[in-house]
Amino acid sequence: MYLIEIKNLHASIDGKPILKGLNLQVRKGEIHAIMGPNGAGKSTLAKILAGHPAYTVTEGEIWFKGQDLLSLQPEERAALGLFMSFQYPLEIAGVTNRHFLKTAFTALRKTKISEADFDTLLAEKMALMEMRAEFGDRSVNEGFSGGEKKRNEILQMALFDPDLAILDETDSGLDIDAMKVVASGVNRLRRPDSSLLVITHYQRLLDYIRPDFVHVLFDGRIQRTGDATLALELEAKGYA
Amino acid sequence: MTAEFTATDYKYGFVTPIDSDVFPKGLTEETVRAISAKKEEPAFLLEFRLKAFRKWKEMVEPHWLNAHYPAIDYQNISYYSEPKSKPRLESLDEVDPELLKTFEKLGIPLDEQKRLTNVAVDVVFDSVSLGTTFRKKLEEAGVVLCSISEAVKKYPDLIEKYLGTVVPIGDNFFAALNSAVFSDGSFVYIPKGVRSPMELSTYFRINEKETGQFERTLIIAEAGSYVSYLEGCTAPAFDTNQLHAAVVELIAEECAEIKYSTVQNWYAGDPKTGKGGIFNFVTKRGLCSGYKSKISWTQVEAGAAITWKYPSCILRGDESVGEFYSVALTNGKMQADTGTKMIHVGKGTRSVIVSKGISADESHNTYRGLVKVVPKAAGARNYTQCDSMLVGNRCSANTFPKIEVGNSSSQLEHEASTSKLNEEQIFYLQTRGLSKEEAIQLIVNGFCKEVIAELPLEFAVEAQKLLALKLEHSVG
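Residue numbers (our numbering), protein chains in the order written: chain A, 111 to 350; chain B, 112 to 587.
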């Protein structure tokens, strides 16, 4: 059985079709990379999976852990074990990162955790992401550098421990050192049986997060599927 | 008032009050005399009212606010009625379910819901005896808390000495009108060195009375005393009177501190047309008369068709402190023009202004402020922060800060920002497990954090919920 199965997905925004019959299956523990040129629909796919209200699914189905994903609200999808690391994480003024993380953690787990237990857990995960304690006290993503924002996303992945994490262009805007920290965070913090959907424009992130499958998304559909070597081939020859 | 505006119906289960004794509509010198006679007032107070009335007659209804209201027909208002009583209900089942839903969302305790809707309370929670206990505690401490009518009878010397000293009768059109015809209000007196044994909000929570159309409040804090006073309620408030022109005067003597908090949720009118909402035109001013005295205003203005008020501080005593913390939320067709005036007169005086404006739908939200430092107020300091949040793109936010500094030893800081509450932020939080309502609440509470922190604890949570509730339907 698949962890997630996308069948013949068609989706549009403001009446403009973006995805035109996309199929994808991911099993437990697998890492899939989705590559493709700008405007191919990579981020659209990520947003539709997370439940962004601006996109309309016109045809197709998505099954996640046996449930009809498209019938669920974004928060229900998250509670079911789906996580998306944003390409552009949002800033929330006046809300400390710690408060935000604890609120989200409590909402997702639907259980209470003591302040002390949460602080212990948070400190442990932040250390792995090489984040200083002060990131807990600062407002959510406010004044964070691009790299800090991405680290904060992976920190959330670590805390929420999802079954499927979608990394939407997590490498964009990162220098090589920041990317290594993020990638090693992903590798170390992921459960062996959890799955990853890595959306990226460039091959370089895949040197650090090794995919089992590489898919080429172009014109709203998966045009080719291969193993990790496909990414290298694309890097050399381009998408054309 | 125009005919269409007087038709404020009590559609949420509040029933038209029974008017036992109401003056005919209209305002003349005779009306003013009759009010004073009815209340058996001493001669000085009649004189006060008459002077105010004569001033008012010379004045012109102001319209300089950044909002529009139709000219009010002052001859079409009745200026006196016996205190009204709402009909008693047997149980909450008789209350409009929509209103009960709102109470639930605000987290208002069940017993209080009953009190607010005038449902007979059971013996477990006897509000009368609880109120009596509070009153006794205050009396023992020497704190006077009573209606202004009662104070006129019991403490005429204090009323004569202080009434109209902070807001003079001719201060502005609506203050003059209030001074001429004020119905009732609250009087608080804290003697020298006394710290009020309780937040007066706690008291009002049990004993809230119907607020009048022309309410008058006077708070006197003698040297070294402290009091925290809260007016209003998060629950939606309705009234058949559209114009509310209150006057609040605060006096803080040497080393005294007054903390005055307001939560305002008047009916804002039809969200589509704006018809029927309350005009909340209030003059609030505090005088820090003594050395190191402090007055702190905190307001959460979330209702009324038009809110027009500038709770202000005159910092006369050396090293006195004035504070203004405000959240003004407008949605539907609401209009708010609010802010503060900090007048630095004494040496080393300090003031802080934190204003948070949230506008949604087709509303208009304006911050207007004045920081004035007179030449002799050496070493005065002010910090002002004005933040606006826009929800949607049909609303507007304006900021009119004015600064007048008369010396070179003063320091003034001003920070301002405008942000948008957008769908992407809400989506981000939803993908982190929060419902849409929780997401809005988190964002709005973050925005208003510094102001909410100033509210008495029991109201802080309710106020946060109120703000989120108001925006629920405004975010796409």
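Yeah, the Cβ is synthetic: ideal placement off N, Cα and C, and Gly gets one too.
- Item | Beta-carbon contacts of A/HIS233 that lie in its chain and below 8 Å, excluding the five residues immediately before and after | The residue you call residue 233 of chain A lines up with position 123 of the first sequence. Looking at the sequence shown, residue 233 of chain A is not His but Ala. ALA243.
Closer than 8 Å, CB to CB, is B/ILE469 near chain A or not?
-> In the second sequence, counting from the first residue as 1, residue 469 of chain B sits at position 358. For B/ILE469, the answer is no, since every Cβ of chain A falls outside 8 Å of its Cβ.
Would B/ALA447 pass as a contact of B/THR409 if the rule is Cβ separation under 8 Å?
In the second sequence, counting from the first residue as 1, residue 447 of chain B sits at position 336. In the second sequence, counting from the first residue as 1, residue 409 of chain B sits at position 298. The answer is no: Cβ separation not under 8 Å.
For A/ARG320 and A/ALA338, believed in contact at Cβ under 8 Å, the rounded distance = Taking the first residue of the first sequence as 1, we reach residue 338 of chain A at position 228. Taking the first residue of the first sequence as 1, we reach residue 320 of chain A at position 210. Yes, they are in contact, since the Cβ atoms of A/ALA338 and A/ARG320 sit about 6 Å apart, within 8 Å.
Worksheet item: Does DSSP put B/VAL239 in a helix, in a strand, or in coil?
Response: As a working mapping, residue 239 of chain B is identified with position 128 in the second sequence. Bear in mind that a pLDDT of 47 at B/VAL239, under 50, signals an unreliable position, so the model cannot answer this.
Using a Cβ-based criterion (distance less than 7 Å to any ligand heavy atom), does B/SER407 qualify as near the ligand GDP? With respect to small molecules bound, the structure shown includes none, and the ligand GDP cannot be examined in it.
Fill in: Euclidean distance between Cα positions of B/GLU251 and B/PRO567
Against the second sequence, residue 251 of chain B aligns to sequence position 140. Against the second sequence, residue 567 of chain B aligns to sequence position 456. Answer to the nearest angstrom: the Cα atoms are 23 Å apart.
| Nearest to B/ALA508 by CA position, among B/ILE362, B/THR142, B/ALA178, B/HIS174, is which residue? | Along the second sequence, read from residue 1 onward, the residue named residue 508 of chain B stands at position 397. Measuring from the Cα of B/ALA508, the nearest candidate turns out to be B/ALA178.
For A/THR280, the three-state DSSP class (helix, strand or coil)
For the purposes of this step, residue 280 of chain A is taken as residue 170 along the first sequence, with counting starting at 1. Three-state DSSP puts A/THR280 in coil, outside helix and strand.
Against chain A, does B/LEU553 count as a neighbour if the rule is that its beta carbon must be under 8 Å from one of theirs? In the second sequence, the residue the question calls residue 553 of chain B occupies position 442. Cβ-Cβ to chain A under 8 Å: yes for B/LEU553.
Review point. If we cut at 8 Å on Cβ distances, does B/ARG543 have a partner in chain A?
Key: Taking the second sequence and counting its residues from 1, the one referred to as residue 543 of chain B is at position 432. At least one chain A Cβ lies under 8 Å of B/ARG543.
Given that a residue counts as buried once 16 or more other Cβ atoms are within 10 Å of its Cβ, and exposed if not, what is A/ARG298?
-> In the first sequence, residue 298 of chain A corresponds to position 188, counting from 1. Exposed is the call here.
Original post:
Quick one, are the C-beta atoms of B/GLY457 and B/ARG492 less than 8 Å apart?
Top reply: For the purposes of this step, residue 457 of chain B is taken as residue 346 along the second sequence, with counting starting at 1. For the purposes of this step, residue 492 of chain B is taken as residue 381 along the second sequence, with counting starting at 1. Not in contact: B/GLY457 and B/ARG492 (Cβ atoms no closer than 8 Å).
Exercise. Counting along the chain, where does the alpha helix (DSSP H) carrying B/ASN504 start and finish?
Worked result: Locating residue 504 of chain B in the second sequence gives position 393, where the first residue counts as 1. Here B/ASN504 belongs to no alpha helix (DSSP H), and DSSP marks it neither H nor E.
Distance, Cα to Cα, B/HIS525 vs A/ASP247?
-> Residue mapping note: residue 525 of chain B aligns to position 414 of the second sequence, counting from 1. Residue mapping note: residue 247 of chain A aligns to position 137 of the first sequence, counting from 1. Roughly 24 Å separates the two Cα atoms.
CB of B/ILE464 within 8 Å of CB of B/LYS483, strictly:
Counting from one through the second sequence, the residue named residue 464 of chain B turns up at place 353. Counting from one through the second sequence, the residue named residue 483 of chain B turns up at place 372. No, Cβ-Cβ distance for B/ILE464 and B/LYS483 is not below 8 Å.
* **Backbone secondary structure at B/TRP167 - three-state DSSP** => Within the second sequence, residue 167 of chain B is the residue found at index 56, counting from 1. Note: B/TRP167 maps to helix in three-state DSSP.
Q) Interface residues of chain A around B/PHE538 at Cβ under 9 Å? A) Taking the second sequence and counting its residues from 1, the one referred to as residue 538 of chain B is at position 427. Going along chain A in sequence order, the residues near B/PHE538 (Cβ under 9 Å) are LYS157, ALA160, GLY161, HIS162, PRO163, ALA164, PRO184, LEU200.
- For a contact meaning CB atoms closer than 8 Å, what does A/GLN266 contact in chain B? Looking up residue 266 of chain A in the first sequence gives position 156. Near A/GLN266 (Cβ distances below 8 Å), the residues of chain B are ARG543.
For A/PHE210, count neighbouring Cβ atoms within 10 angstroms of its own Cβ and tell me buried if that reaches 16, exposed if not.
Working through the first sequence from its first residue, we reach residue 210 of chain A at position 100. By the neighbour-count rule (16 or more Cβ atoms within 10 Å), A/PHE210 is buried.
Any C-beta of chain A sitting closer than 8 Å to the C-beta of B/GLU534? One-based indexing of the second sequence puts residue 534 of chain B at position 423. For B/GLU534, the answer is yes, since a Cβ of chain A falls inside 8 Å of its Cβ.
- Task: Please list the partners that B/SER546 has in chain A, where partner means a Cβ-to-Cβ separation under 9 Å.
- Result: If you number the second sequence from 1, residue 546 of chain B lands on position 435. Within chain A, the residues near B/SER546 are GLN183, GLU185, ALA217.
* Asked: Leaving out five residues before and five after A/THR154 in sequence, what residues of the same chain have Cβ atoms less than 8 Å from its Cβ?
  -> Indexing the first sequence from 1 puts residue 154 of chain A at position 44. Within the same chain, A/THR154 has close Cβ partners ALA121, ILE123, ILE128, LEU129, TYR165.
- Message: Measuring straight from C-alpha to C-alpha, what distance separates B/TYR340 and A/ILE202?
- Response: Here the question's residue 340 of chain B lines up with position 229 in the second sequence. Here the question's residue 202 of chain A lines up with position 92 in the first sequence. Going from the Cα of B/TYR340 to the Cα of A/ILE202 covers about 32 Å.
Problem set entry | Unbroken alpha helix (DSSP H) run spanning B/SER260, endpoints | Residue numbering aside, residue 260 of chain B sits at position 149 when the second sequence is read from its first letter. 259-265 is the span of the alpha helix (DSSP H), which, as asked, contains B/SER260.
Output needed for A/LYS117: all residues of its chain with C-beta closer than 7 Å, excluding positions within five of it in sequence on either side, in chain order. In the first sequence, residue 117 of chain A corresponds to position 7, counting from 1. ASN133, GLY170, GLU171, listed in sequence order.
>> Strictly under 8 Å for the Cβ-Cβ distance: is B/GLY335 near chain A by that measure?
In response: For this step, residue 335 of chain B is matched to residue 224 along the second sequence. Taking Cβ atoms only, chain A never reaches closer than 8 Å to B/GLY335, which makes this a no.
Can you tell me whether DSSP reads A/PRO302 as helix, strand or coil? Locating residue 302 of chain A in the first sequence gives position 192, where the first residue counts as 1. It is coil, neither helix nor strand.
So, does the CB of B/GLY503 fall closer than 8 Å to a CB anywhere in chain A? By 1-based counting over the second sequence, the position of residue 503 of chain B is 392. B/GLY503 does not count as touching chain A.
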